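Chemist:
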Amino acid sequence: MTIPSRVTLVEVGPRDGLQNEKQPVATEHKVALVQHLQDAGLREIEVTSFVSPKWVPQMADNTQVMAGIRRRTGVRYSVLTPNMKGLEAALPSKPDEIVVFGAATEAFSQRNINCSIAESIERFAPVVSAAREAGIKVRGAVSCALGCPYQGDVSADEVERVVKLLKDIGVQHVGIADTIGTGTPRKAQRALERALNHYPLHEVSGHFHDTYGQALANIYACMEIGVHTFDASVAGLGGCPYAKGATGNVATEDVVFMLDGLGIETGIELDALVDAGAFISEQLGRPPVSRVGRALLARRGKVFVT
Ligand code: HMG
Ligand code: MG
Numbered sequence: 006m007t008i009p010s011r012v013t014l015v016e017v018g019p020r021d022g023l024q025n026e027k028q029p030v031a032t033e034h035k036v037a038l039v040q041h042l043q044d045a046g047l048r049e050i051e052v053t054s055f056v057s058p059k060w061v062p063q064m065a066d067n068t069q070v071m072a073g074i075r076r077r078t079g080v081r082y083s084v085l086t087p088n089m090k091g092l093e094a095a096l097p098s099k100p101d102e103i104v105v106f107g108a109a110t111e112a113f114s115q116r117n118i119n120c121s122i123a124e125s126i127e128r129f130a131p132v133v134s135a136a137r138e139a140g141i142k143v144r145g146a147v148s149c150a151l152g153c154p155y156q157g158d159v160s161a162d163e164v165e166r167v168v169k170l171l172k173d174i175g176v177q178h179v180g181i182a183d184t185i186g187t188g189t190p191r192k193a194q195r196a197l198e199r200a201l202n203h204y205p206l207h208e209v210s211g212h213f214h215d216t217y218g219q220a221l222a223n224i225y226a227c228m229e230i231g232v233h234t235f236d237a238s239v240a241g242l243g244g245c246p247y248a249k250g251a252t253g254n255v256a257t258e259d260v261v262f263m264l265d266g267l268g269i270e271t272g273i274e275l276d277a278l279v280d281a282g283a284f285i286s287e288q289l290g291r292p293p294v295s296r297v298g299r300a301l302l303a304r305r306g307k308v309f310v311t
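Residue numbers (our numbering): 6 to 311.
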């Protein structure tokens, strides 16, 4: 199979990125970040999550962030909803898409959402049907698909089992997530191939944290099997609060630079994306993690005061 000529990037920085920040991030900065991202051409943006503020305090301003963004036609704004309480809180904000997030391992499911895999599916089922009835698209994430901080290695069978459970309750798109970034290209391909046993190509995506520097290679490997949707986080923001030591998702700037070099269309304008990364990094008081972001900012003579 030839690699895709067009790739869709789902920007998860405002959610997956910022959820892990210990310092408070002002609501207005979160809103401005979303604006920068849509200005750069991102058409799918994960904005926030409707989870317990005791578990993830940084996302407590979910409703205010959703109220603050200036929506652009053609952009899909998504939010995480782990249960009915989350969905009910999210509905007045009118998300275009919701995300239920399960895990390939029992240990991570317990640590992240405080229940077993089977219980999580039971909780998701009414969320999925209520969202679909309201005309909202439903995405599902399978965390720890390539490695788990508590269990260690994770098999493709374990991934496929959860993919199938999500499919059975009506989840329309599945994201295969390397939460701790230990996955390598062939392993990533094998996990996504299992998802493709149940979902069409355009409803499967890869979500690769870059902790071990494997994310770009994993994306390339998944493009080799035709996958053309990937999550990425501007400036390489973030990590998961329930996966110690996990760093951010692959930086959106790094992915766009690679795809531009390969002649693959994304609709994203790299310079404007670098501006978005510079903006949020400035607010956080540190340089972007993105290698491409840092390189291009250095060329512009930008110095970060930390
Ligand atoms: P729980 O404690 O088992 O929930 O948490 P509960 O139903 O027993 O309720 C306990 C309290 O939480 C109650 O309040 C509920 O009202 C409240 P109290 O009576 O004590 O005052 N509560 C809520 N509040 C707000 N929004 C809600 C909600 N639900 C209950 N939706 C729960 C279960 C799922 C809520 C909790 O474990 C949680 O919020 N977990 C979220 C963890 C999280 O956000 N992790 C990061 C996102 S996932 C991720 O990053 C991975 C991903 O990027 C892919 C990858 O990289 O792997 C997607
Ligand atoms: Mg993640």
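Glycine included, each C-beta is placed from N, C-alpha and C at the ideal position. In this text, all values refer to a predicted model and were calculated from it rather than measured experimentally.
At the level of alpha carbons, what is the spacing between G22 and T7?
Modeler: Going from the Cα of G22 to the Cα of T7 covers about 32 Å.
Chemist: Just to confirm the assignment, what range does the beta strand (DSSP E) spanning T32 have?
Modeler: Counting along the chain, T32 falls outside any beta strand (DSSP E), though it belongs to the alpha helix (DSSP H) covering T32 to D44.
Chemist: Rounded to whole angstroms, how far is the Cβ of P19 from the Cβ of K35, which I believe are closer than 8 Å?
Modeler: Correct: roughly 6 Å between the Cβ atoms.
Chemist: Who pairs with Y82 in a beta bridge, going by DSSP?
Modeler: In DSSP, Y82 forms a bridge with I50.
Chemist: Would you say the beta carbon of D162 is closer than 7 Å to some non-hydrogen atom of the ligand MG?
Modeler: Checking every heavy atom of the ligand MG against the Cβ of D162, none is found closer than 7 Å.
Chemist: Among residues of its own chain, excluding the 5 on either side of S164, which ones have a beta-carbon nearer than 7 Å to its beta-carbon?
Modeler: Per the sequence presented here, residue 164 reads as Val, with Ser not at that position. So the qualifying residues of the chain are A109, V147, A150, I181, A196 and R199.
Chemist: Sorted by chain position, which residues of the same chain lie with C-beta nearer than 6 Å to V167's C-beta, five sequence neighbours on each side aside?
Modeler: Here the set comprises G107, A109 and V147.
Chemist: Give the range of the alpha helix (DSSP H) segment to which T68 is assigned.
Modeler: Taken as a continuous stretch (DSSP letters only), the alpha helix (DSSP H) holding T68 covers N67 to G73.
Chemist: Less than 6 Å between C-beta atoms, sequence neighbours within five positions excluded: which residues of the same chain meet that for D101?
Modeler: Result list for D101: R81 and Y82, in chain order.
Chemist: Compare the C-beta of L197 with all C-beta atoms of chain C and state if any pair is closer than 8 Å.
Modeler: Of the protein chains in the structure, only one exists, and it is not chain C.
Chemist: Would you say the beta carbon of D215 is closer than 7 Å to some non-hydrogen atom of the ligand MG?
Modeler: D215: no, Cβ never under 7 Å from the ligand MG.
Chemist: State yes or no: is the C-beta of L264 within less than 8 Å of the C-beta of V279?
Modeler: Contact: no.
Chemist: Please classify Q43: is it buried, with 16 or more other beta-carbons within 10 angstroms of its beta-carbon, or exposed?
Modeler: It is buried - the Cβ of Q43 has at least 16 other Cβ atoms within 10 Å.
Chemist: Under 7 Å from any heavy atom of the ligand MG, does the C-beta of T184 make it?
Modeler: Result yes, Cβ under 7 Å from the ligand MG.
Chemist: If you measure between the beta carbons of S152 and I185, is that distance less than 8 Å?
Modeler: Looking at the sequence itself, residue 152 is Gly, so the reference to Ser does not match. Closer than 8 Å, so yes.
Chemist: Which value, in whole angstroms, describes the spacing of the CA atoms of L96 and R144?
Modeler: Distance between the alpha carbons of L96 and R144: 15 Å.
Chemist: Quick one, are the C-beta atoms of V61 and V52 less than 8 Å apart?
Modeler: Result no, Cβ atoms of V61 and V52 do not sit closer than 8 Å.
Chemist: Opposite N254 in the DSSP bridges: which residues?
Modeler: N254 pairs with H214.
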